[in-house]
Amino acid sequence: MLRQIGKATYLMPVEEGMRVPGLIIATEKLLKEIEIERPLQQVKNVASLKGIVGYSIAMPDIHWGYGFPIGGVAAMDPETGVISPGGVGYDINCGVRLATLPLLFEEIGEAPLKELIQRIFALVPSGVGRGHKKERGLSERDYSELLSSGAKWCIEHGWGVPEDLEHIESLGKIEGADPDAVSPTAKSRGKDQLGTVGSGNHFVEIGAVDELALADIAEAWGIRKGQLYLMIHSGSRGLGHQTCQDTLNRFVKKGYAEGLPDRQLVAAPIRSPDGEEYFRAMAAAANFAFGNRQKILHEVRVAVQEVLRIPPHEVRLLYDVCHNIAKFETHEFEGKRRRLCIHRKGATRAFGKGHEELSALFKKTGQPVLVPGDMGRASHLLVGEGNALTWCSSCHGAGRARSRVQSLKAWKGRDIKEYMESQGVTVLASSYRTIAEEMPDAYKNVDDVVLAVEEAGLASRVARLKPHFVIKG
Amino acid sequence: MGTNNQRNLFFGLEACAPWPESSLQGRMIPEESRHLTLAFLGKLDPKPLLEQLPSLPVPEPLLGGAGVCDRLLFLPERRPRVVSYHVRWLSGEAELLSFRDALFRWLLSLDYRLDERPLLSHVTVARAPFDEGKWKKEFHQLPLIAKAVHLYQSRGELTYLPLWSLPLSPAFEELSHTGEAAFAVRGKDLNELYLHAQLACSFLYPPFLDYLLPPLENESFEEMIIRLNESLSRLDEEIGSPVKALSFHGELQRDEKGLLFWEMILDI
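Residue numbers (the working numbering), protein chains in the order written: chain A, 3 to 475; chain B, 895 to 1162.
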């Protein structure tokens, strides 16, 4: 039974098997609307993991995952706690980046933007199995450098500008990565996938800033009403999936799942050779994902230069966030500063102003929190409030309201591209099924999710973004 | 028997497959009407048969078979009037034939007249006119499961109305999962469950049919999941796959009919 303890904040008291209580961020409206039983069971299951401190946390975009719920956050004591690949997800460092163009939507009009999205569609492979087949795949040496240094390696290869790094979470690199901890199979799956979108809910989107909420922060970040933006959602592709899978297999074979309420929660002690090896591999996969989004942005900049004659450095990266990750962070807990291993699965870091890990600009304002919604209605740009209850975490999206199967059935036989055009959104995709599965009504209204985040004090709205052109995987 | 009550009747197996969106020529049979004919009865008044059906011997457990639509058939061969998918059963074929035999014996014992030719497992999807070449060009293999036995009434206009139904436990059924994709998978033993799990993956992505694995030997449930993932990895690496991995979520259970049951969640 949930008990409200604050605005949009509910407590799930400790029950049998739980080491800590659950904390659910949601409005009453969301709790009524979403299918909550299974994800709450998963919140409870996560609360049973060794070394968990504080709460087993659910964000307002929570939905049924496997192991952790999607929209789950958990902090583990590094000395007594465990690290769980299921608490990170298969798509390690799946994340979002937002860049802005120095133009207003109304200044440029639809025709050049249609040409731009077509050019991006041609340059950035998207969809099932789409890799850079014509390019040389990543060599062992490339991998060694990319997996160690993330986005920086891409910038050194001309795929970006040095200023980009300060606009990426953790400067585009998770420390402690070891390329040798990533299996040859994982490397083989990822070798031609750097700079590719993938399938599922991944996308590249062009839209315009629809409304401003915090004008001072928007100004500090260079955001104007009507301004064109580019949003990229992708992750570590086959390399990350295989890294997660390799670890799950190893952990299950070694018996780490015994006694857990769900085998997918399988976890090894953080301070164990197995736990440390997973962290090294996960960090390497996370660095691949940073590089992947960096290369996609590079291709987008190439397209912008070709079509709109805007030089690459004027397509300014505002921020890049991870939403499937485990990281060591320092937080205040029980009156002490403690180093903790924070699992965020379908959740975004939301450091507030003054946080020591942020670069100068964001130290003044708090970090940007990127919340993509669905491809029809809106996305949001928020600023982190550094909420201690959630280990400075916020939501990562709208969260699905309807399963892929239901959405596919609902739209079967209908001209979905034409429908989206009628809503003012041009959609390009290599698969009809993906578009049908990702139709706007398959998602909760992101405005409701963001309202919960704001009421609970996790992050505040800076701008609402309206998509106009979308490439789906 | 009044002439007015006569209907075109037959027993058929409801066939479910990820049928491609119909861009092909031909008068397409609606997906919900696609079936595999088990016994054709011809024009009859359905009422007496419906009254007799409670005495039809029904085998247990009623696990529906699963197979692959492996080639196209244009029937009849000389002057084809229909386009059909041939079904190669991978599970449940012996049970299906045994049920059909029992159904025939029962119908013959009640003096119904039947066409007793051997069963040609096929599902008709379109009627003439059609372009054979175009169908052949666009053909690819599809997985298929049987969901129920129905006494159908042919209504013309390419539709068939079930008058009586015997539901089968499906080899798998897609569950409503708000994050990824999920299936309830069933099997009489672990090997059959393993096969059905693979066919379920191929429902989402038919090219997976080219990656079906040989049967398990002495592997455990966990090892089965690992093998399935190895196959998905190979598929993704070689041709790409929307299904990226298969989670360890879910316990192996027995359902109320004694069948093995697993809630399988896939990462998309």
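All C-beta atoms, glycine included, are put in the ideal place defined by N, C-alpha and C.
Helix, strand or coil for residue i, going by three-state DSSP, please let me know.
{"i": "residue 370 of chain A", "result": "strand"}
{"i": "residue 895 of chain B", "result": "Any reading at residue 895 of chain B must be qualified, since the residue scores a pLDDT of 45, below 50, and its modelled position is unreliable; the value itself is stated next. DSSP places residue 895 of chain B in coil when its eight states are reduced to three."}
{"i": "residue 1105 of chain B", "result": "helix"}
{"i": "residue 269 of chain A", "result": "coil"}
{"i": "residue 931 of chain B", "result": "strand"}
{"i": "residue 923 of chain B", "result": "coil"}
{"i": "residue 1090 of chain B", "result": "helix"}
{"i": "residue 336 of chain A", "result": "coil"}
{"i": "residue 1119 of chain B", "result": "helix"}
{"i": "residue 450 of chain A", "result": "helix"}
{"i": "residue 396 of chain A", "result": "strand"}
{"i": "residue 223 of chain A", "result": "coil"}
{"i": "residue 1080 of chain B", "result": "strand"}
{"i": "residue 94 of chain A", "result": "coil"}
{"i": "residue 1085 of chain B", "result": "helix"}
{"i": "residue 937 of chain B", "result": "strand"}
{"i": "residue 3 of chain A", "result": "coil"}
{"i": "residue 1039 of chain B", "result": "strand"}
{"i": "residue 419 of chain A", "result": "helix"}
{"i": "residue 1128 of chain B", "result": "helix"}
{"i": "residue 443 of chain A", "result": "helix"}
For the alpha helix (DSSP H) holding residue i, just list the boundary residues, first then last.
{"i": "residue 300 of chain A", "result": "275 to 310"}
{"i": "residue 240 of chain A", "result": "239 to 255"}
{"i": "residue 436 of chain A", "result": "434 to 439"}
{"i": "residue 1033 of chain B", "result": "Where residue 1033 of chain B is concerned, there is no enclosing alpha helix (DSSP H), given that its DSSP letter is neither H nor E."}
{"i": "residue 412 of chain A", "result": "406 to 413"}
Starting from the beta carbon of residue i, find every residue of chain A whose beta carbon is closer than 7 Å, and list them in chain order.
{"i": "residue 1138 of chain B", "result": "92 and 243"}
{"i": "residue 1097 of chain B", "result": "Neighbours of residue 1097 of chain B on chain A: none; closest Cβ ~10 Å, over 7 Å."}
{"i": "residue 1159 of chain B", "result": "68"}
If you follow the beta strand (DSSP E) that residue i is part of, which residue opens it and which one closes it?
{"i": "residue 235 of chain A", "result": "229 to 236"}
{"i": "residue 1015 of chain B", "result": "Note, residue 1015 of chain B: premise wrong, no beta strand (DSSP E); not H, not E."}
{"i": "residue 9 of chain A", "result": "It is not in any beta strand (DSSP E) - residue 9 of chain A carries neither H nor E in the DSSP assignment."}
{"i": "residue 97 of chain A", "result": "97 to 106"}
{"i": "residue 461 of chain A", "result": "461 to 474"}
{"i": "residue 907 of chain B", "result": "901 to 910"}
{"i": "residue 431 of chain A", "result": "428 to 431"}
{"i": "residue 122 of chain A", "result": "Premise fails: residue 122 of chain A lies in the alpha helix (DSSP H), 112 to 125, not in any beta strand (DSSP E)."}
{"i": "residue 209 of chain A", "result": "205 to 214"}
{"i": "residue 322 of chain A", "result": "318 to 324"}
{"i": "residue 315 of chain A", "result": "No beta strand (DSSP E) holds residue 315 of chain A; DSSP gives it neither H nor E."}
Output, in chain order, the set of chain B residues within a Cβ distance shorter than 8 Å of residue i.
{"i": "residue 187 of chain A", "result": "1127 and 1131"}
{"i": "residue 251 of chain A", "result": "1120 and 1123"}
{"i": "residue 131 of chain A", "result": "1130, 1133, 1134 and 1135"}
{"i": "residue 406 of chain A", "result": "1071, 1074, 1075 and 1162"}
{"i": "residue 268 of chain A", "result": "1142"}
{"i": "residue 247 of chain A", "result": "1123, 1127 and 1139"}
So with CB distances below 7 Å, who are the chain B contacts of residue i?
{"i": "residue 19 of chain A", "result": "Correct list: empty, because the minimum Cβ distance to chain B is about 16 Å."}
{"i": "residue 296 of chain A", "result": "Simply none; closest approach about 22 Å."}
{"i": "residue 254 of chain A", "result": "1116 and 1142"}
{"i": "residue 152 of chain A", "result": "Those do not exist, as residue 152 of chain A stays about 22 Å from chain B at its closest Cβ, beyond 7 Å."}
{"i": "residue 240 of chain A", "result": "1130 and 1131"}
{"i": "residue 402 of chain A", "result": "1072 and 1073"}
Could you work out which residues of chain B lie near residue i, taking near to mean beta carbons separated by less than 9 Å?
{"i": "residue 265 of chain A", "result": "1116, 1119, 1141, 1142, 1143, 1144 and 1145"}
{"i": "residue 307 of chain A", "result": "Ordered by position in chain B, no residue passes the 9 Å Cβ test against residue 307 of chain A, which lies about 29 Å from the chain."}
Which bits of chain A does residue i rub up against, with CB to CB less than 9 Å?
{"i": "residue 915 of chain B", "result": "414, 415 and 434"}
- request: Would you list, in sequence order, the uninterrupted alpha helix (DSSP H) runs of no fewer than 4 residues that lie entirely inside the segment 129 to 193 of chain A?
  value: 142 to 151, 153 to 158 and 186 to 192
task: Quick one: which residues of the segment 1060 to 1075 of chain B get their C-beta closer than 9 Å to a C-beta of chain A? List them in chain order.
output: Against chain A - using a Cβ distance shorter than 9 Å - the residues of the segment 1060 to 1075 of chain B are 1068, 1069, 1070, 1071, 1072, 1073, 1074 and 1075.
- prompt: When you check each C-beta in the segment 62 to 75 of chain A against every C-beta of chain B, which residues fall closer than 9 Å?
  reply: When CB distances to chain B are screened at a threshold of 9 Å, the residues of the segment 62 to 75 of chain A falling below it are 65, 66, 67, 68, 69, 71 and 72, in chain order.
Completely contained beta strand (DSSP E) runs for the segment 16 to 75 of chain A, where each covers 3 or more residues: 24 to 27 and 54 to 68
field: Positions along the segment 426 to 441 of chain A whose CB lies within less than 9 Å of some CB in chain B
entry: Per Cβ criterion, the list reads 433, 434, 435, 436 and 439.
- prompt: For the segment 1043 to 1077 of chain B, which segments carrying the alpha helix (DSSP H) assignment without a break, of at least 4 residues, lie completely within its bounds, in sequence order?
  reply: Not a single unbroken stretch of the alpha helix (DSSP H) spanning 4 or more residues falls wholly within the segment 1043 to 1077 of chain B.
query: Taking a cut of 7 Å between CB atoms, which residues from the segment 32 to 53 of chain A lie near chain B?
result: 37
message: Residues of the segment 982 to 995 of chain B in Cβ contact with chain C at a cutoff of 7 Å, in chain order, please.
response: Among the protein chains of the structure shown, namely A and B, there is no chain C.
Contiguous beta strand (DSSP E) assignments of at least 3 residues, all confined to the segment 955 to 1017 of chain B: 960 to 969 and 976 to 985
message: Under 7 Å, CB to CB, which of the residues in the segment 186 to 217 of chain A have a partner in chain B?
response: 187, 190, 191, 201 and 202
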